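**Q** For the sequence shown, our numbering begins at 15 and goes up steadily by one. Idealized CB from N, CA, C, for every residue including glycine. Please read these numbers as outputs of a predicted model, since none were measured by experiment. The following block contains the structure, expressed as structure tokens.
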Amino acid sequence: PQLTRRRVATYAERKFTNYFQQQLGEEEELPRLCLDDTKVEQLWNRSEFLEETVAAFGKETPSSSSSIQQQQLSPEKQRQRQRRQQQHWADFEESNRQHKFCNLDVERLLANKDVQDFFRSMIDRMLMQSDNAQ
15 PQLTRRRVAT
25 YAERKFTNYF
35 QQQLGEEEEL
45 PRLCLDDTKV
55 EQLWNRSEFL
65 EETVAAFGKE
75 TPSSSSSIQQ
85 QQLSPEKQRQ
95 RQRRQQQHWA
105 DFEESNRQHK
115 FCNLDVERLL
125 ANKDVQDFFR
135 SMIDRMLMQS
145 DNAQ
């Protein structure tokens, strides 16, 4: 598999979460900085607009979501559109529930001495491996 930012971030978070829960005995989730409700709504509106734009690709590109709604759709196309919108909403909600629109609260994490020690030991190991490779 290709090494992407998303894969690295997912792996690192999973690895650190395991450490956080097992070694530190923390039962709660990692501290996160998430979008407030207004920002989530703005993100949803943009996502919905882009989804509709992609669905209309090949047709005249709409200048707003209302122009898409004004297009005449057959009953079958209307049902397809409604199913697509419902699935898009469900996927968006699931992503929000899984904190995919959040970042780890690094300042709160690094305020914990055990977390600092964890990262120091990782850095020390990486530096030792680098020295041994030379």
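Which one of ASP51, VAL22, ARG19, GLN37 has the shortest CA to CA distance from ASP131?
**A** Taking the sequence shown and counting its residues from 1, the one referred to as residue 131 is at position 117. It is GLN37.
**Q** Answer with buried or exposed for VAL68, where buried requires no fewer than 16 other C-beta atoms within 10 angstroms of its C-beta.
**A** Counting from 1 along the sequence shown, the entry for residue 68 is found at position 54. Classification of VAL68: exposed, given that the 10 Å Cβ count is below 16.
**Q** For LEU118, list the residues DSSP reports as bridge partners.
**A** By 1-based counting over the sequence shown, the position of residue 118 is 104. ARG46, per the DSSP bridge assignment.
**Q** Buried or exposed: which applies to GLU74, given that a residue is buried once 16 or more other Cβ atoms fall within 10 Å of its Cβ?
**A** The count along the sequence shown starts at 1 and reaches residue 74 at position 60. For GLU74, the predicted model reports a pLDDT of 46, less than 50, meaning its position is unreliable and no value from the coordinates is stated.
**Q** Apart from the five residues on each side of it in sequence, which residues of its chain come closer than 8 Å, Cβ to Cβ, to ASN110?
**A** In the sequence shown, the residue the question calls residue 110 occupies position 96. So the list reads VAL54, once near-sequence residues are dropped.
**Q** To which residues of the same chain is CYS116 closer than 8 Å at the C-beta, ignoring the five residues directly before and after it?
**A** For the purposes of this step, residue 116 is identified with residue 102 of the sequence shown, where counting begins at 1. Counting only Cβ-Cβ distances below 8 Å, and skipping sequence neighbours, we find ARG46, LEU47, CYS48, LEU49.
**Q** Output the residue ranges of the alpha helix (DSSP H) runs that lie fully inside the region 100-144 and measure 4 residues or longer, sorted by chain position.
**A** Within the region 100-144, the complete alpha helix (DSSP H) runs of at least 4 residues are 120-124.
**Q** Just to confirm, are SER61 and PHE30 a CB contact at a threshold of 8 Å?
**A** In the sequence shown, counting from the first residue as 1, residue 61 sits at position 47. In the sequence shown, counting from the first residue as 1, residue 30 sits at position 16. Not closer than 8 Å, so no.
**Q** Would GLU65 and HIS113 qualify as a contact pair, given that the criterion is a beta-carbon distance under 8 Å?
**A** Within the sequence shown, the letter at position 51 stands for residue 65. Within the sequence shown, the letter at position 99 stands for residue 113. For GLU65 and HIS113, no; Cβs fall outside 8 Å.
**Q** Let me know if PHE34 comes out buried or exposed under the rule of 16 or more other beta-carbons within 10 Å of its beta-carbon.
**A** As a first step, residue 34 is located in the sequence shown; it is residue number 20 there, counting from the start. It is buried - the Cβ of PHE34 has at least 16 other Cβ atoms within 10 Å.
**Q** What is the rounded straight-line gap between the Cα of GLU27 and the Cα of ASN146?
**A** What you label residue 27 is simply residue 13 of the sequence shown in a count that begins at 1. What you label residue 146 is simply residue 132 of the sequence shown in a count that begins at 1. One C-alpha to the other measures close to 27 Å.
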